[in-house]
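In the working numbering, the protein residues as written are 9 to 366.
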Amino acid sequence: MKPDLRSLSRDKLEQYILSLGEKPFRARQIETWLWQKNCTDFDQMSDLPKSLRQKIAEDYSIHIIQVDQIQRSADGTIKNAVRLRDGLVVESVLIPTDRRITACISSQVGCSLDCRFCATARLKRMRNLDAQEIFDQVVAIREQARLYFDRQLTNIVYMGMGEPLLNYSNVIRSIEKITSSDGLGMSARRITLSTVGIAKMIKTLADDNPGVRLAVSLHSAIDEVRSRIMPINQSNDLCTLTEALEYWYARTKSRITFEYVVWKNINDRDEDIRALVKLCKRLPAKVNLIEYNAIGDPNFEQAEPHRIEAYKNALEDIGVIAKIRRSRGKDIDAACGQLANKNDVAFETLQKSKTDSF
Ligand code: SAH
């Protein structure tokens with residue numbers, strides 16, 4: 009298979025164009041075709057000489073992702089099964105609300121983190137997505153927003169399959185292409201990167217500061233509880249995470265969002281609430297109390313509504329914005345934590361053996 013021309017950095021593309029005896033401005037033209045006009049075939053590059061188009065096509069191709077299956081939820085949410093260049097499949101979701109159209113995109117095929125409550129964790133991590141594969145999911149959803157809703161895509165969340173901070177350079181490159189004026193030209197403030205909380209990479213992201221918002225899947229502010237439900241916490245504990253988040257805030261002045269599910273007999277005690285309140289006193293944060301989407305494990309059950317209210321009240325008492333969020337797209341397994349390639353197209357051999365799962 010010929011390499012994707014989009015895998016070349018701008019410098020490398022320019023070197024390649026020069027090696028063909030062409031002028032550097034051709035590289036700029038090509039970049040615009042690739043990232044702004046989302047061209048799928050070299051023949052569409054109408055301002056390039058035909059001979060040049062042919063030469064490029066001998067060395068490179070353009071592998072656009074293919075949306076193999078589209079499912080629509082009763083609430084309007086759309087889930088895509090996205091086939092990648094090597095046949096592997098990830099999922100991406102379009103979430104419409106009154107004010108926004110949000111694209112929820114994947115950054116890895118499967119996931120290595122093993123969060124106990126997440127369906128994606130049941131899929132082996134197969135590989136990282138390339139920057140262009142991440143980018144293409146946004147382009148596809150942008151088209152769907154126009155086609156099905158006659159609206160613009162407004163927001164992007166890296167909350168699909170995988171851990172974006174474990175595919176750092178490709179995620180950063182995708183953000184650059186989504187935000188660049190030579191690319192999709194979207195505002196970085198409308199992009200949220202969600203992480204399980206890899207402290208070291210949060211600091212790197214703070215240093216690079218691409219202007220995006222940061223969400224952290226917290227789920228508990230007590231080490232012992234968090235380590236049980238999110239194994240990453242065993243090597244990357246709350247103290248290390250908090251320190252990294254303080255660093256993030258100092259560098260970016262951007263308030264963190266904590267994603268938080270409240271489960272019965274896991275994190276619905278008063279002391280769980282107190283621990284989160286204490287953390288939020290230390291860090292400027294906003295809390296999304298998200299609905300649990302059951303994935304068939306009897307150990308996890310959504311807490312009673314009054315316990316979720318208790319969280320909200322305790323947080324609001326100290327001036328922290330806390331929102332109780334209902335899930336979207338549950339009927340098509342498109343909600344948080346449900347992306348698991350369950351449909352026919354996507355099933356593949358991705359599922360781990362039963363013993364691996366829980
Ligand atoms: N790996 C990144 C990106 C995935 S985002 C991260 O963890 O942030 C997916 C979000 O859905 C995370 O906040 C995750 O904690 C949450 N989630 C996972 N399983 C869930 C479930 N069954 N119900 C509700 N939310 C879930």
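All C-beta atoms, glycine included, are put in the ideal place defined by N, C-alpha and C.
Exposure of residue 32, with buried meaning 16 or more beta-carbon neighbours within 10 Å | exposed
Taking only heavy atoms of the ligand NAP into account, decide whether any of them is closer than 7 Å to the Cβ of residue 217.
-> Among the ligands present in this structure, namely the ligand SAH, the ligand NAP is not found.
Tell me the start and end of each unbroken beta strand (DSSP E) in the stretch 225-290 that is at least 3 residues and wholly inside, in chain order.
-> 264-268
Secondary structure of residue 339, DSSP reduced to three states = helix
Per DSSP, what kind of secondary structure is residue 172 in: helix, strand or coil?
-> helix
Could you give the DSSP three-state label for residue 132: helix, strand or coil?
-> coil
On the three-pair Cβ rule with 8 Å, is the stretch 222-233 touching the stretch 193-210?
-> yes
Can you list, in chain order, the stretches of the alpha helix (DSSP H) that have 4 or more residues and sit fully within the stretch 82-158?
-> Segments of the alpha helix (DSSP H) lying fully in the stretch 82-158: 139-157.
How about residue 121 and residue 240: are their beta carbons less than 8 Å apart?
-> yes
State yes or no: is the C-beta of residue 309 nearer than 7 Å to some heavy atom of the ligand SAH?
-> no
Candidates 12, 39 and 9, of which the one nearest residue 22 by Cα | Looking at the Cα atoms, 39 is the closest of the given residues.
Evaluate residue 18 with the Cβ neighbour count: other Cβ atoms within 10 Å of its Cβ, from every protein chain shown; 16 or more gives buried, anything less gives exposed.
-> exposed
Per-residue DSSP class, three states only, for residue 162 | coil
Does DSSP put residue 76 in a helix, in a strand, or in coil?
-> strand
Go through its chain and collect everything with a Cβ distance to residue 226's Cβ below 6 Å, but skip five positions before and after it.
-> Once the five neighbours on either side are set aside, the close Cβ partners of residue 226 are 266 and 268.
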